[in-house]
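Residue numbers (this note's numbering), protein chains in the order written: chain A, 1 to 390; chain B, 391 to 780; chain C, 781 to 1170; chain D, 1171 to 1560. C-beta atoms are modelled at their ideal positions from N, C-alpha and C, and glycine is treated no differently. Small disclaimer: the values here were computed from a predicted structure and weren't measured. Notes for the one structure printed next.
Number of protein chains: 4
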Amino acid sequence: MIANPKIIDAVTTYRNIRSHSLAICAPLETEDFVVQPIVDVSPPKWHLGHTTWFFETFILVPNFPGYTVFDPQYNFVFNSYYETIGARVIRTDRGNLSRPSVADVYRYREYVDRQMTAFLQSEFMNPSIEPLLELGLNHEQQHQELLLTDIKYILGHNPLFPAYRKDKEENKEMVRTDEMIRLGEGVYEIGFNGNGFCFDNELGRHKVYLNNFEISDRLVTNGEYLEFINDNGYRDFRHWHAEGWDWVKQNEVKSPLYWHWIDEKWMYYTLDGLQEVDPDEAVCHINFYEASAFAAWKGMRLPTEAEWEVASVHFQWGERWEWTGSAYLPYPGFKKEAGAVGEYNGKFMVNQMVLRGASEATPKGHSRNTYRNFFHANLQWQFTGIRLAR
Amino acid sequence: MIANPKIIDAVTTYRNIRSHSLAICAPLETEDFVVQPIVDVSPPKWHLGHTTWFFETFILVPNFPGYTVFDPQYNFVFNSYYETIGARVIRTDRGNLSRPSVADVYRYREYVDRQMTAFLQSEFMNPSIEPLLELGLNHEQQHQELLLTDIKYILGHNPLFPAYRKDKEENKEMVRTDEMIRLGEGVYEIGFNGNGFCFDNELGRHKVYLNNFEISDRLVTNGEYLEFINDNGYRDFRHWHAEGWDWVKQNEVKSPLYWHWIDEKWMYYTLDGLQEVDPDEAVCHINFYEASAFAAWKGMRLPTEAEWEVASVHFQWGERWEWTGSAYLPYPGFKKEAGAVGEYNGKFMVNQMVLRGASEATPKGHSRNTYRNFFHANLQWQFTGIRLAR
Amino acid sequence: MIANPKIIDAVTTYRNIRSHSLAICAPLETEDFVVQPIVDVSPPKWHLGHTTWFFETFILVPNFPGYTVFDPQYNFVFNSYYETIGARVIRTDRGNLSRPSVADVYRYREYVDRQMTAFLQSEFMNPSIEPLLELGLNHEQQHQELLLTDIKYILGHNPLFPAYRKDKEENKEMVRTDEMIRLGEGVYEIGFNGNGFCFDNELGRHKVYLNNFEISDRLVTNGEYLEFINDNGYRDFRHWHAEGWDWVKQNEVKSPLYWHWIDEKWMYYTLDGLQEVDPDEAVCHINFYEASAFAAWKGMRLPTEAEWEVASVHFQWGERWEWTGSAYLPYPGFKKEAGAVGEYNGKFMVNQMVLRGASEATPKGHSRNTYRNFFHANLQWQFTGIRLAR
Amino acid sequence: MIANPKIIDAVTTYRNIRSHSLAICAPLETEDFVVQPIVDVSPPKWHLGHTTWFFETFILVPNFPGYTVFDPQYNFVFNSYYETIGARVIRTDRGNLSRPSVADVYRYREYVDRQMTAFLQSEFMNPSIEPLLELGLNHEQQHQELLLTDIKYILGHNPLFPAYRKDKEENKEMVRTDEMIRLGEGVYEIGFNGNGFCFDNELGRHKVYLNNFEISDRLVTNGEYLEFINDNGYRDFRHWHAEGWDWVKQNEVKSPLYWHWIDEKWMYYTLDGLQEVDPDEAVCHINFYEASAFAAWKGMRLPTEAEWEVASVHFQWGERWEWTGSAYLPYPGFKKEAGAVGEYNGKFMVNQMVLRGASEATPKGHSRNTYRNFFHANLQWQFTGIRLAR
């Protein structure tokens, strides 16, 4: 029998992507897998279990005859929402669950991966399942980014500031120019129209009318952001949205997340541990309020997502998720897909802002210039940055 | 001396608009002026004082030599934000302030109106002040709408359900058609470009590209909304945004605001008191989550604000504020004005949705098809309704 | 027919006590009757209605044939707990109810008073009703004290600081001695055993064993309390209970309630308006945490309620409610009475502290040295003070 | 050289008590050491570190020349209150700290235990240190009880309900009698006056006067508590304190903690896993509100702590912590000790109720009939039970 190269490819892709999740977790202690310091952060073992649950629930159970669920209670633990099972209802937060243990979760992954490998090579695998497989793998990649941001939060909010990496990564030197890219007004097209995978929220390539605009060819640096701080940026309400200003005052914010004023110096927690702030690096871990306030202080603004997408061929991107001035709303003609998968994106289309690009935490092969990332305006724990426009 | 007709006109306009605020409050008991059942609702006497404070602070004090402030402490009470005065800081909510009394607030209005009349006829009035006068009068009209919505909330949440009006107003019979207005794709222009007054957020007439769309020529009725309720609309998460669904569950919402299921019938509180729900009337007091869920249930959607504005010449509007699917964001080229007036609109441009049209509570002469009203997605107490699109 | 002097006496007592409630409210503006700045404070019109509802519900309705309830919905409004009426459930706070109007509440009082007068002189009045009548009148007197404390809170938290009284009352000059009254150890009796009225929680006169103790013959003054403040009393955790210290920090407390540091002087709001703190007056409006911390700072303690009661014949009391070191618990043999009246006291016997004495706000004839007042340890709005013991 | 038997004894006692903490944790997975599902529960590794920190901070650092602190940052992590260290302030909850790892904490214990052993045998150990050593060991024993209650909470709130023990412990069969022990009125003495260790709150043996009372010779059983449940005990407000009733309604409480109604049976989580409720076992995990409500339903009451202590020689105790009707207040003549140790008990003497006896989780040798345990009235997670009195 001759192997079908397409299936081999699927198995390889599946294994490569799945093993990357474990690679991200390799430096962790068992204890790091368990905690959940804020509601937006999930325990690493939950990410590992939840992505596995996705393949088990949506691919193996409905499509692989004879498949036995690893543990029927895992549905309860690794579903995104804890709901009733039978007569028992226990409301718990993810960060309170010491069991299943990390070893159990790894066994769960091994079991499902073995079964998935068998399934992908079996007669039951067929082209109609490919979209779900692709979705599952992209879902895994999204959680790989979250794994890293959540690990950073867990370690960076520990008073011992443990480093995640032993070997310091070199910072990319940003080329500092002050070039603004100019684009002329007119009708442009945005949205996905390629052949590969994309999420439903990118679909529906459509025309938009843009006015003349300019957009920077680089990200704002820590040094520039420090000028904003030193110019009382966090103390002058005029730069801020009303609810951004409330956020600043209620939380007594004085700097980006992870920054600490220690011994008369700005330090920040990085994956290499606590370090002095590098003025040449792109500012990171700022939320939409901060990005907007900085832009207002500069007399500029954030680009819209359409401007960003149209201009993106003219600059380098991928270092930070870049806040845009666009709310996360459906594209013209957007349709939720039927079933559980349809919940994926559409139901979040209110009160969130779009981010474009990708970050140093984004897995390779998981970025497109049509990708629409989205977060609430107050959140800082992603690797977010600022690109100015006017 | 011959009177300048323009000044006479300003005085007349000023008096007409100002007296309308009092007309709205005429049916109230003194006690109704004082309370604040929820944070979004202000006590009627606060509206009366705050709008007066606007003219005193922004027109009389800086421009009318010799003007004596009515009471220096009113700045503290009727400013939108209570801040420190001298050494004293007392944090209080508007609804806890029994003083100044209603009689004092009326005296305050009379005093400022007398002074404004004198000022408008004096040599100190000049064209440069006109924009501020116009803003003050439009500000008063905005509060007239809020006065009515807040009075309805205050009386409608009293267990005695007192009527606001003695004489029942006839309900406008909506003509029920099922006509959809069709517009073709292309570049359109939206935004204000007339000669009269508009708010800063309407400025910057600009081009937008619209796809083919259809929009209903009428509002959704109570009868249609009842079908949604009866079809388990409030119990099926699939129609809702994720945070809309949280809102439904946390508040155990089962119907629009003011609706009560009494003796096997749907009743609602109206300004005429508690009445049986009229199935032919336009549904009212629903929030963005409800409007979106209803539209999703219908297999349709809400129009964008650009679609609404472009199509608005083809249908009657003004009965309900109509939720759009657009987030409240700056138009291209939007600039905050300098000074306190600059805070008017721009700082709210995050996490709110645009409503278009006007409502039965909107003062005459205060509506335009470019007017951009905005509220948070969870708020129901305005006279809000639904127009479907697809 | 010859009038029965006992009944005449009941009518006179009833009228005298009832009219005193109105006398307390005489200086108020209509608006002052409506607001509720904090949950512990009730709107004055609610006190007036609630005490009236007590007579209507517990005396007239069950005992006076043919009595017609003034308004069936008032049961809903003036009961201590808002509950369901028929199919309607509206959760409202007392401070949000503009209706019934103050005029309506006064009409309600007149109606019930007229009916009570008729009832007391009718054949239906009989001795078995006397305990309820007495309870109703004592209940009214308790609310008279609350009326005054709540009015002080309402006016004292208004930024205009309106005076309640036109004519300043003379402060009682406290005789400042440093005498400690000494009592020897042994078995004493406490609890009510007189002939007049008392509350159920005072009943069960019983023996207690007291050790040798000393108790001050006077209250702590503002001047002494200022020494505590100036000695960093509010900044040294060692004086405080753990939860008292949390209260200080969370609320940034730096002084008793109503004190304001203005232009380098300690001022306080009094019923005569804002005045300079009088160092010779007994300190007022401090809570149990503050009283305990002050005593600890002095190297002393608060008396137990048994010590206070036993020693009370040796000193003057009645100017302030005096915090004791005793928790509010049932006396030996305490029994709840059956029915709604049984809820009066017993159900509050957990997590509250006993206060003994009476205050300037206590109606004449409503104090006994066996009276057990009780409040939560964090509350300051009563006229509370400190008597030291060791 | 001849060994000093007293020191050998100290070393042995130290080692025995310290090793018992580890024995309690032996059945745990690493993950179980980390989580904190509610604020009252601490992560097991925190207990292990905190008790170790006590010996390091109060004994080794001040008394053992040349002692090197294991890790200077542990003071920050294992102190009861996280406070500022140098310029850094990170507010974190215990349950969010993945580091120090469990292995690190065990190394910390080994290090301190080795040093303590050396210290106890060194010339620097002297009798003046004995009280602190004794306090440290009793502190460790208190945390051993908390370790078990917290472990039960962590495992018992996991949807997988993992068993703590492999081998089921036999339930003690309670001898069910209905004997009431009768004691006559008179002066009794309570408080500690032995020679061994006691906490400061037990000191000051003093006279109390007790009335005639009866107290049960056994605890209330699950079977009896079920009668209360089945007689609508959780639905009839008349049995409850007002704030107990609020607690029932807000939390929709229908049974003791750990009880689940599954497949028409009452099950409960035990250290052996989920089991059917044993009607003959003493009811457990009820709070003060529940204990009081049960007693009220029975027409009885809880004993005072003085009654309990006086009567305790006549019955068996030690199976459950028994709620008393006494608030936790200082005994006559109570004095806080100076320094950090003085904070141990006194600062908690408000708004807590006394429990007497001991429980199955109390370490051997750590119970006395003068021991005053105390918890807030709403807490259920200790091994608490009910003994009736009248």
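Chain D contact for residue 109 of chain A (CB, 7 Å cutoff):
One-based indexing of the first sequence puts residue 109 of chain A at position 109. It does not; no Cβ of chain D falls within 7 Å.
DSSP state of residue 985 of chain C mapped onto helix, strand, coil:
As a first step, residue 985 of chain C is located in the third sequence; it is residue number 205 there, counting from the start. In the structure shown, residue 985 of chain C sits in coil (DSSP, three-state: anything other than H, G, I, E or B).
To the nearest angstrom, report how far apart residue 1072 of chain C and residue 1021 of chain C are at their CA atoms.
What you label residue 1072 of chain C is simply residue 292 of the third sequence in a count that begins at 1. What you label residue 1021 of chain C is simply residue 241 of the third sequence in a count that begins at 1. In a straight line, the C-alpha of residue 1072 of chain C is about 8 Å away from that of residue 1021 of chain C.
Short of 8 Å Cβ to Cβ, which residues in the segment 962 to 989 of chain C face chain D?
965, 967, 986, 987, 988 and 989
Of the residues D:1303, D:1239, D:1281 and D:1311, which one's Cα is nearest the Cα of residue 1534 of chain D?
Against the fourth sequence, residue 1534 of chain D aligns to sequence position 364. With distances taken between Cα atoms, residue 1534 of chain D lies closest to D:1311.
Is there a C-beta anywhere in chain D that falls below 7 Å from the one on residue 158 of chain A?
Here residue 158 of chain A refers to the residue found at position 158 when the first sequence is read from its first residue. Chain D contact via Cβ: present.
Under a three-way DSSP split, which group does residue 1280 of chain D fall into?
In the fourth sequence, residue 1280 of chain D corresponds to position 110, counting from 1. Residue 1280 of chain D falls in the helix class under three-state DSSP.
Can you find a CB in chain D that lies within less than 7 Å of the CB of residue 294 of chain A?
In the first sequence, residue 294 of chain A corresponds to position 294, counting from 1. Residue 294 of chain A does not count as touching chain D.
Check each candidate in D:1447, D:1280, D:1458 and D:1384 and name the one with the smallest Cα separation from residue 1185 of chain D.
Translated into the one-based positions of the fourth sequence, residue 1185 of chain D becomes position 15. Residue 1185 of chain D has its Cα closest to that of D:1280, out of D:1447, D:1280, D:1458 and D:1384.
Taking 7 Å as the threshold (beta carbon to beta carbon), is residue 538 of chain B in contact with chain C?
On the second sequence, position 148 is the one that residue 538 of chain B refers to. So no, residue 538 of chain B is outside the interface.
Can we say the segment 1070 to 1090 of chain C touches the segment 1039 to 1049 of chain C, given the rule of at least three CB pairs closer than 8 Å?
no
Is the distance from the Cβ of residue 985 of chain C to the Cβ of residue 969 of chain C below 7 Å?
Here residue 985 of chain C refers to the residue found at position 205 when the third sequence is read from its first residue. Here residue 969 of chain C refers to the residue found at position 189 when the third sequence is read from its first residue. Yes, Cβ-Cβ distance for residue 985 of chain C and residue 969 of chain C is below 7 Å.
Relative to the C-alpha of residue 1007 of chain C, which residue among C:844, C:1034 and C:945 is closest?
If you number the third sequence from 1, residue 1007 of chain C lands on position 227. Check the Cα spacing between residue 1007 of chain C and each of C:844, C:1034 and C:945: the tightest is with C:1034.
Using the beta-carbon count (16 or more within 10 Å), is residue 1301 of chain D buried or exposed?
Residue numbering aside, residue 1301 of chain D sits at position 131 when the fourth sequence is read from its first letter. Looking at its Cβ environment, which holds fewer than 16 other Cβ atoms inside 10 Å, residue 1301 of chain D is exposed.
Counting contacts by CB-CB distance shorter than 7 Å, is residue 380 of chain A in contact with chain D?
On the first sequence, residue 380 of chain A is found 380 positions in, with the first residue counted as 1. Not closer than 7 Å to any Cβ of chain D, the Cβ of residue 380 of chain A fails to qualify, so no.
Residues in the segment 1485 to 1501 of chain D having any Cβ partner in chain C nearer than 8 Å
1495, 1496, 1497, 1499 and 1500
With 7 Å set as the bound, which would you pick, yes or no: does the beta-carbon of residue 1258 of chain D sit closer than that to a beta-carbon of chain A?
Mapped onto the fourth sequence, residue 1258 of chain D falls at position 88. Here the model assigns residue 1258 of chain D a pLDDT of 35, short of 50, so the residue's position is not dependable and the matter cannot be decided.
What residue does the beta strand (DSSP E) around residue 1031 of chain C start on, and which one ends it?
Translated into the one-based positions of the third sequence, residue 1031 of chain C becomes position 251. Premise fails: residue 1031 of chain C lies in the alpha helix (DSSP H), 1022 to 1031, not in any beta strand (DSSP E).
Between the segment 416 to 440 of chain B and chain C, which residues of the former have CB atoms less than 7 Å from a CB of the latter, in chain order?
419, 420, 421, 422, 424, 425 and 427
Assigned exposure category for residue 1490 of chain D - 16 Cβ within 10 Å defines buried
For the purposes of this step, residue 1490 of chain D is identified with residue 320 of the fourth sequence, where counting begins at 1. It is buried - the Cβ of residue 1490 of chain D has at least 16 other Cβ atoms within 10 Å.
Straight-line CA distance for residue 77 of chain A to residue 937 of chain C?
For this step, residue 77 of chain A is matched to residue 77 along the first sequence. For this step, residue 937 of chain C is matched to residue 157 along the third sequence. Taking the straight line from one Cα to the other gives about 50 Å.
On the DSSP letters alone, give me the boundaries of the beta strand (DSSP E) that residue 539 of chain B sits inside.
Here the question's residue 539 of chain B lines up with position 149 in the second sequence. Careful: residue 539 of chain B lies outside any beta strand (DSSP E), inside the alpha helix (DSSP H) at 520 to 546.
Residue(s) in a DSSP beta bridge with residue 764 of chain B:
Here residue 764 of chain B refers to the residue found at position 374 when the second sequence is read from its first residue. Residue 764 of chain B pairs with B:744.
Cα separation between residue 246 of chain A and residue 290 of chain A?
As a first step, residue 246 of chain A is located in the first sequence; it is residue number 246 there, counting from the start. As a first step, residue 290 of chain A is located in the first sequence; it is residue number 290 there, counting from the start. Cα-Cα distance, rounded: 12 Å.
By the three-class DSSP mapping on this structure, what secondary structure does residue 105 of chain A have?
Sequence index remark: in the first sequence, residue 105 of chain A carries index 105 (1-based). DSSP places residue 105 of chain A in helix when its eight states are reduced to three.
Going straight from the alpha carbon of residue 647 of chain B to that of residue 707 of chain B, what length do you get?
Within the second sequence, residue 647 of chain B is the residue found at index 257, counting from 1. Within the second sequence, residue 707 of chain B is the residue found at index 317, counting from 1. Near 22 Å, if we compare the C-alpha coordinates of residue 707 of chain B and residue 647 of chain B.
Suppose you measure from the CA of residue 403 of chain B to the CA of residue 757 of chain B; what does that come to, to the nearest Å?
On the second sequence, residue 403 of chain B is found 13 positions in, with the first residue counted as 1. On the second sequence, residue 757 of chain B is found 367 positions in, with the first residue counted as 1. Residue 403 of chain B and residue 757 of chain B: Cα-Cα distance of roughly 16 Å.
DSSP-derived helix/strand/coil call for residue 1336 of chain D:
The residue given as residue 1336 of chain D occupies position 166 in the fourth sequence. Secondary structure of residue 1336 of chain D (DSSP, three-state): coil.
Residues of chain A with CB closer than 9 Å to the CB of residue 1426 of chain D, please, in chain order.
On the fourth sequence, position 256 is the one that residue 1426 of chain D refers to. Going along chain A, no residue has its Cβ under 9 Å from residue 1426 of chain D, so there is no contact; the nearest lies around 15 Å.
By a C-beta neighbour count over all protein chains shown, 10 Å radius and 16 as the cutoff for buried, is residue 1392 of chain D buried or exposed?
Within the fourth sequence, residue 1392 of chain D is the residue found at index 222, counting from 1. With 16 or more Cβ atoms within 10 Å of its Cβ, residue 1392 of chain D is classed as buried.
Other residues of its chain near residue 665 of chain B: CB distance less than 7 Å, five sequence neighbours each side excluded
Working through the second sequence from its first residue, we reach residue 665 of chain B at position 275. Correct list, in chain order: 657 and 658.
7 Å Cβ cutoff met for residue 28 of chain A and residue 1269 of chain D:
Walking along the first sequence from the start, residue 28 of chain A turns up at place 28. Walking along the fourth sequence from the start, residue 1269 of chain D turns up at place 99. Taking 7 Å as the Cβ cut-off, residue 28 of chain A and residue 1269 of chain D do not qualify as a contacting pair.
Check whether chain C comes within 7 Å of residue 486 of chain B, counting only Cβ atoms and requiring the distance to be less than that.
The count along the second sequence starts at 1 and reaches residue 486 of chain B at position 96. Yes, because at least one Cβ of chain C sits closer than 7 Å to the Cβ of residue 486 of chain B.
Pull up the DSSP beta-bridge partners for residue 1107 of chain C, would you.
Your numbering for residue 1107 of chain C matches position 327 in the third sequence. DSSP, once it has assigned bridges, lists C:1133 as partnering residue 1107 of chain C.
Any chain D beta carbon closer than 7 Å to residue 99 of chain A
The sequence position of residue 99 of chain A within the first sequence is 99, counting from 1. Residue 99 of chain A counts as touching chain D.
What residue from D:1406, D:1483, D:1387 and D:1188 has the CA that sits closest to residue 1282 of chain D's CA?
Reading the fourth sequence from its first residue, position 112 is the one you call residue 1282 of chain D. Residue D:1188 is the option with its Cα nearest to residue 1282 of chain D.
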